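Undergrad:
Numbering (full-length UniProt numbering), first residue to last: 1 to 537.
1. Taking Cβ positions, are residue 90 and residue 98 nearer each other than 8 Å?
2. In the structure shown, what three-state DSSP assignment does residue 254 receive?
3. Can you name the residues that DSSP bridges to residue 160?
4. Which residue comes first and which comes last in the alpha helix (DSSP H) that contains residue 79?
5. Quick one, which of 486, 419 and 503 has its alpha-carbon nearest residue 462's?
6. On a Cα-Cα basis, can you pick out the residue from 411, 403 and 312 that is closest to residue 338?
7. To the nearest whole angstrom, what separates the beta carbons of residue 440 and residue 217, a pair I think is in contact under 8 Å?
8. Where do the N-terminal and C-terminal ends of the beta strand (DSSP E) with residue 312 fall, by residue?
9. Figure out for me which residue from 287, 314 and 306 has the closest Cα to the Cα of residue 330.
10. Identify every residue that forms a DSSP beta bridge with residue 183.
11. Touch check for the stretch 190–203 and the stretch 220–234: three-plus C-beta pairs under 8 Å?
12. From the DSSP secondary-structure annotation, give me the bridge partner or partners of residue 331.
13. Helix, strand or coil: how does DSSP classify residue 143 here?
14. Run the CB neighbour count on residue 498, radius 10 Å, all protein chains shown included, and call it buried at 16 or more, exposed below.
15. Alpha carbon to alpha carbon, how far is residue 300 from residue 322?
16. Is residue 275 helix, strand or coil by DSSP?
17. Please list, in chain order, all residues of the same chain as residue 267 whose beta carbon is under 7 Å from its beta carbon, the five residues on each side excluded.
18. Apart from the five residues on each side of it in sequence, which residues of its chain come closer than 6 Å, Cβ to Cβ, to residue 255?
19. Scan the stretch 206–258 and note each continuous alpha helix (DSSP H) run of 4 residues or more that stays entirely inside, going in chain order.
20. Considering just the uninterrupted stretch of the alpha helix (DSSP H) at residue 352, what are its terminal residues?
21. When DSSP builds the beta bridges, which residues end up paired with residue 174?
22. May I ask you to report which of helix, strand or coil DSSP gives residue 121?
23. Please name the residue, chosen from 132, 165 and 174, that lies closest to residue 149 on a Cα-to-Cα basis.
24. What is the rounded straight-line gap between the Cα of residue 466 and the Cα of residue 249?
25. Find the nearest neighbour of residue 262 within the set 138, 521 and 416, judged by alpha-carbon distance.
26. Can you tell me whether residue 507 is buried or exposed? The criterion is at least 16 other CB atoms within 10 Å of its CB, across all chains shown.
27. Count the other C-beta atoms from every protein chain shown that fall within 10 angstroms of the C-beta of residue 503, then say buried if there are 16 or more, exposed otherwise.
28. Three or more C-beta pairs under 8 Å: does that hold for the stretch 54–72 against the stretch 194–214?
29. Evaluate residue 116 with the Cβ neighbour count: other Cβ atoms within 10 Å of its Cβ, from every protein chain shown; 16 or more gives buried, anything less gives exposed.
30. How close, in whole Å, do the beta carbons of residue 127 and residue 84 come, if the pair is a contact with beta carbons under 8 Å?
31. Is residue 112 closer than 8 Å to residue 315 when the C-beta atoms are compared?
32. Determine the burial state of residue 283: buried for a count of at least 16 other Cβ atoms within 10 Å of its Cβ, exposed for fewer.
33. In chain order, what residues of the same chain lie with their CB nearer than 8 Å to the CB of residue 50, ignoring the 5 residues before and after it?
34. Could you compute how far the alpha carbon of residue 160 sits from the alpha carbon of residue 143?
35. Could you check what DSSP says for residue 31 in three-state terms: helix, strand or coil?
36. Within a Cβ cutoff of 7 Å, which residues of the same chain sit near residue 257, ignoring the five residues on either side of it in sequence?
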């Protein structure tokens with residue numbers, strides 16, 4: 001009798017659990033448009049399978065090989081490429097956060113193996129698109145009105161699709177103004193918590209299997225920044241702030257925000273025409289000087305980093321447009337996607353200024369002597385120690401400048417970067433992945449976004465054939481001088497000290513101006529800007 005009663009209880013519990021699981025499954029299937037691939041468990045399993053395949057590939061193909069041998073390097077290179085291909089497939093399949101992380105990895109050129117950065121770079125332009133019904137649902141849920149109530153016309157074809165959102169041209173019904181409407185992908189916010197937890201889980205497993213590969217810095221960055229990027233109200237505030245901050249730069253255009261049609265998932269802004277900053281055909285047709293564009297970008301970002309401490313951290317080509325002002329024919333830069341900014345503390349900003357000041361005035365013997373000196377007052381040593389990379393100072397300098405150690409010691413602004421140096425850096429990076437990983441794990445978190453930003457800007461310069469120009473370094477030196485002056489000005493106790501400090505500033509600025517004139521005349525006499533045929537080849 002007891003056994004019979006237990007069977008009935010067990011049967012009842014089983015039916016209840018089965019019904020609950022079935023009901024829950026049906027609910028989540030409905031929430032995911034009956035597409036099983038969007039299930040968190042499926043996405044977790046997909047990530048787990050990819051991580052397992054990559055770990056086994058590395059372990060199996062490197063088994064028994066001597067580290068540092070040519071055979072080991074060849075096997076490692078092959079494992080890198082297969083790992084990159086698998087991660088690319090995973091990012092495309094899981095979308096959202098995974099694509100965002102893939103883009104972040106792709107931006108870290110010279111810091112991670114070329115196989116990974118090159119393979120994942122396609123994620124900057126190829127992201128899954130939400131259909132029109134999903135777009136309408138997001139607008140209705142976020143703004144409380146149907147799409148047709150707000151816009152008299154709405155282009156169903158987006159002009160840009162990114163990992164977190166897509167942008168549609170539209171016309172406001174209330175004013176007739178053409179606008180750009182940025183709409184968050186419907187499931188990306190709900191998935192983000194599970195996706196980040198999934199990444200953290202497998203990164204910890206990878207760290208246990210490969211102790212030298214420290215990737216928690218990447219997970220920490222995503223955990224810190226993704227919630228901010230998913231809040232479009234925050235992005236609108238950033239856009240308004242940076243527009244006011246740089247109103248003295250007439251060439252910079254930031255779209256005006258229509259706050260009444262904004263929410264945390266919908267952003268309505270002024271529609272600004274333009275071509276991607278690396279569209280070389282557009283440069284030729286509109287007679288735009290790529291060196292002028294690089295100079296203007298250099299000034300903008302140098303002021304952001306060194307003077308204002310407020311940095312737009314995602315300047316990939318899709319977020320930076322160029323165009324001709326129809327009234328003046330001057331070249332303008334349109335800055336888009338203001339979701340990710342880094343606010344740099346004053347102490348970090350002045351340390352970064354001093355770091356670049358030391359890098360722009362190098363002396364190999366002096367650098368080595370300073371690093372051996374135990375006095376904390378030595379500038380180069382103090383900066384590297386404060387940034388927690390003291391004994392890895394040479395590798396740190398190469399990472400910050402994306403140049404070889406020889407170029408660093410001779411002066412990165414004096415030595416042109418050649419194809420041979422680029423190849424050397426890539427081979428160097430591939431052989432020092434554990435050490436680079438250690439530097440990235442130890443350096444200040446602010447530095448990670450600065451490195452990503454600098455790498456994206458250098459990629460733009462390379463695509464425009466202007467990577468050997470001196471203008472960016474001169475703008476950086478000018479902004480460094482102003483930043484150091486402002487930081488030290490309040491320390492002056494007397495009029496004499498103030499006068500001397502001001503004199504040193506203007507003497508430095510004069511030397512920078514003379515150098516600018518010199519390099520401008522040199523460029524006229526010995527042109528470095530490629531012709532159209534060379535640019536487009």
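Backbone N, C-alpha and C fix where the C-beta goes; we use that ideal spot for every residue, glycine too. In this text the structure is predicted, and so the values were computed from the model without any measurement.
TA: Put simply:
1. Against the chain shown, residue 90 aligns to sequence position 90. Against the chain shown, residue 98 aligns to sequence position 98. For the 8 Å CB-CB criterion, residue 90 and residue 98 form a contact.
2. For the purposes of this step, residue 254 is taken as residue 254 along the chain shown, with counting starting at 1. It is coil, neither helix nor strand.
3. Numbered from 1 along the chain shown, position 160 holds the residue referred to as residue 160. Residue 160 is bridged to 167.
4. Numbered from its first residue, the chain shown carries residue 79 at position 79. Its alpha helix (DSSP H) spans residues 70–94.
5. Here the question's residue 462 lines up with position 462 in the chain shown. If we check each option's Cα against that of residue 462, 419 comes out closest.
6. What you label residue 338 is simply residue 338 of the chain shown in a count that begins at 1. Minimum Cα-Cα distance from residue 338 among the listed residues 411, 403 and 312 corresponds to 312.
7. Within the chain shown, the letter at position 440 stands for residue 440. Within the chain shown, the letter at position 217 stands for residue 217. The distance from the Cβ of residue 440 to that of residue 217 is about 5 Å, consistent with a contact at the 8 Å cut-off.
8. To locate residue 312, count along the chain shown from 1; it is residue 312. For residue 312, the enclosing beta strand (DSSP E) begins and ends at 310–312.
9. The count along the chain shown starts at 1 and reaches residue 330 at position 330. Selected option, being the one with the closest Cα: 287.
10. Here residue 183 refers to the residue found at position 183 when the chain shown is read from its first residue. In the DSSP assignment, residue 183 forms a beta bridge with 166 and 266.
11. When Cβ pairs closer than 8 Å are counted between the two stretches, the stretch 190–203 is seen to touch the stretch 220–234, the count reaching three or more.
12. Start at 1 with the first residue of the chain shown, and residue 331 comes out as number 331. Answer is 324, bridged to residue 331.
13. Residue mapping note: residue 143 aligns to position 143 of the chain shown, counting from 1. Three-state result, residue 143: helix.
14. By one-based count along the chain shown, residue 498 stands at place 498. Residue burial is scored here from C-beta neighbours: residue 498 has fewer than 16 other C-beta atoms within 10 angstroms and is therefore classed as exposed.
15. By one-based count along the chain shown, residue 300 stands at place 300. By one-based count along the chain shown, residue 322 stands at place 322. In this structure, the straight-line span from the alpha carbon of residue 300 to that of residue 322 is close to 14 Å.
16. By 1-based counting over the chain shown, the position of residue 275 is 275. Strand.
17. For the purposes of this step, residue 267 is taken as residue 267 along the chain shown, with counting starting at 1. Around residue 267, the same chain offers 182, 232, 235 and 236 as residues with beta carbons nearer than 7 Å, after the five sequence neighbours per side are excluded.
18. Along the chain shown, one-based indexing puts residue 255 at 255. The residues are 269, 270 and 272.
19. Counting only runs of 4 or more, we get 216–229 and 232–245.
20. Numbered from 1 along the chain shown, position 352 holds the residue referred to as residue 352. Note, residue 352: alpha helix (DSSP H), 346–360.
21. By one-based count along the chain shown, residue 174 stands at place 174. Note: residue 174 is not bridge-paired with any residue in the DSSP secondary-structure output.
22. For the purposes of this step, residue 121 is taken as the residue at position 121 of the chain shown. If DSSP states are grouped into helix, strand and coil, residue 121 belongs with the helices.
23. For the purposes of this step, residue 149 is identified with residue 149 of the chain shown, where counting begins at 1. If you compare the alpha carbons of 132, 165 and 174 with that of residue 149, the shortest gap goes to 174.
24. If you number the chain shown from 1, residue 466 lands on position 466. If you number the chain shown from 1, residue 249 lands on position 249. One Cα belongs to residue 466, the other to residue 249, and the distance between them is close to 22 Å.
25. Position 262 of the chain shown, counted from the start, is the residue given in the question as residue 262. For residue 262, the nearest C-alpha among the options comes from 138.
26. Within the chain shown, numbered from 1, the residue matching residue 507 stands at position 507. Of the residues assessed, residue 507 falls on the exposed side of the cut-off, its CB having fewer than 16 other CB atoms within 10 angstroms.
27. Looking up residue 503 in the chain shown gives position 503. So residue 503 counts as exposed.
28. These segments touch.
29. Translated into the one-based positions of the chain shown, residue 116 becomes position 116. With 16 or more other Cβ atoms within 10 Å, it is buried.
30. Taking the chain shown and counting its residues from 1, one reaches residue 127 at position 127. Taking the chain shown and counting its residues from 1, one reaches residue 84 at position 84. Not a contact, Cβ separation roughly 18 Å.
31. Position 315 of the chain shown holds residue 315. Position 112 of the chain shown holds residue 112. For residue 315 and residue 112, no; Cβs fall outside 8 Å.
32. Taking the first residue of the chain shown as 1, we reach residue 283 at position 283. Buried, by the Cβ-count rule.
33. The residue given as residue 50 occupies position 50 in the chain shown. Residues of the same chain with a CB within less than 8 Å of the CB of residue 50, apart from the 5 flanking positions on each side, are 86, 87, 89 and 90 in chain order.
34. Here residue 160 is taken as the residue at index 160 of the chain shown, counted from 1. Here residue 143 is taken as the residue at index 143 of the chain shown, counted from 1. The alpha-carbon atoms of residue 160 and residue 143 are separated by roughly 21 Å.
35. As a first step, residue 31 must be located in the chain shown, where it is residue number 31. Unreliable positioning characterises residue 31 in this predicted model, as indicated by a pLDDT of 46, which lies under 50. The coordinate reading is nonetheless provided below. Residue 31: helix per DSSP, three-state reduction.
36. Position 257 of the chain shown holds residue 257. Correct list, in chain order: 236, 239, 240 and 269.
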